[in-house]
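Here it is as C-alpha cells:
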C-alpha cells in the first residue's frame, strides 16, 4: 500500500522534552500538509509544502514548532520544549494539488 | 480569511431516515468546497467535492451536497441513512486547489437502529 504513513503512531513525553514526527506522503504527491486535531474539533492547519518549499505556516503556530521537507519527499514536524497544551493528534496529508487531501492515520502526542 | 461553520455538533438520526448536515463558509475569494468523513478509528477521507461546474455534487455512497453561493452554504444530505454512516463529518474550504484547506469543527452523525 502506498498511502500516507506517519511515525510514531503514539508518543508520550514529559513536559519540556522535544518530539519529532515523520510523515511519508504518497510518492507522486508534491504537496504535503500538517494539521493538528484535538478531541471534538476539526483539523487545524499548521503548515504546508510544495516539494521542499514551505509555502505557508499558521500564524497561530508557536516558534517551538518547526517543519521540514528537505528533499521534497518525507517531512518532519518537530516540537521543542513541549507543553501540556501540545497534546493532540498530529495529522499529515498529501496531494497532487487538485484539492483532494489524502490523510495518514495520525500521530497522537500526550505530554505529561 | 476563510472560515467554516458547522452549527450542529451532534446529529442523531434513525436508520433509513433522511439527514442534512449544515455547513456555511466565509471567504472573500473563489471557493472550493469539500466534505470529509472520519469513520471510527480511521483516518479522514474525502466524501465529495465541489470545484466547478454543477453546483450539486454526489458521493458514491448516496450523499449529495449543493453549493449555494448566495447563502454561502454547502449542506450535506442523504435521503436514507444506514448504520454504517455513523461517523464524524467535516466541511472544508480552500481558495485554490492545492493551497491550505480550512476545516470546520465537524458534525458527529449517529445512526440509531
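Protein chains in written order, with our numbering: chain A, 1036 to 1147; chain B, 102 to 214. Backbone N, C-alpha and C fix where the C-beta goes; we use that ideal spot for every residue, glycine too.
{"Check": "Cutoff 6 Å; reference residue 1056 of chain A; Cβ partners in own chain excluding five residues on either side", "Outcome": "1112, 1125 and 1142"}
{"Check": "Whole-Å CB distance - residue 212 of chain B paired with residue 186 of chain B, under 8 Å assumed", "Outcome": "5 Å"}
{"Check": "Distance between residue 1116 of chain A and residue 158 of chain B (C-alpha atoms, nearest Å)", "Outcome": "45 Å"}
{"Check": "Residue 185 of chain B in three-state terms, based on DSSP", "Outcome": "helix"}
{"Check": "8 Å Cβ shell around residue 1071 of chain A - same chain, five flanking residues per side excluded", "Outcome": "1078, 1079, 1081, 1123, 1124, 1125 and 1126"}
{"Check": "Own chain partners of residue 1068 of chain A with C-beta closer than 6 Å, once the 5 adjacent residues on each side are dropped", "Outcome": "1083 and 1128"}
{"Check": "Beta-carbon contacts of residue 160 of chain B that lie in its chain and below 6 Å, excluding the five residues immediately before and after", "Outcome": "148 and 149"}
{"Check": "Under 9 Å by beta carbon: chain B residues contacting residue 1110 of chain A", "Outcome": "Result: empty, since nearest Cβ-Cβ is about 15 Å, beyond 9 Å."}
{"Check": "Neighbourhood of residue 1087 of chain A by C-beta distance below 7 Å, restricted to the same chain and skipping five residues each side", "Outcome": "1104, 1105, 1106 and 1107"}
{"Check": "Which listed residue (B:163, B:167, B:144 and B:162) has its alpha carbon closest to that of residue 155 of chain B", "Outcome": "B:167"}
{"Check": "Complete beta strand (DSSP E) runs within the region 1092-1119 of chain A (minimum length 3 residues, chain order)", "Outcome": "1100-1103 and 1110-1114"}
{"Check": "Helix, strand or coil at residue 1042 of chain A according to DSSP, with G and I counted as helix", "Outcome": "strand"}
{"Check": "Three-way DSSP call (helix, strand, coil) for residue 200 of chain B in this model", "Outcome": "coil"}
{"Check": "Within chain B, partners of residue 1149 of chain A - CB distance below 8 Å", "Outcome": "It is not possible to answer for residue 1149 of chain A, since the shown part of chain A is limited to 1036 through 1147."}
{"Check": "Residue span of the beta strand (DSSP E) that contains residue 1143 of chain A, given as start and end", "Outcome": "1142-1146"}
{"Check": "Straight-line Cα distance separating residue 1140 of chain A from residue 126 of chain B", "Outcome": "26 Å"}
{"Check": "Beta-carbon proximity check, residue 180 of chain B vs residue 133 of chain B, cutoff 8 Å", "Outcome": "no"}
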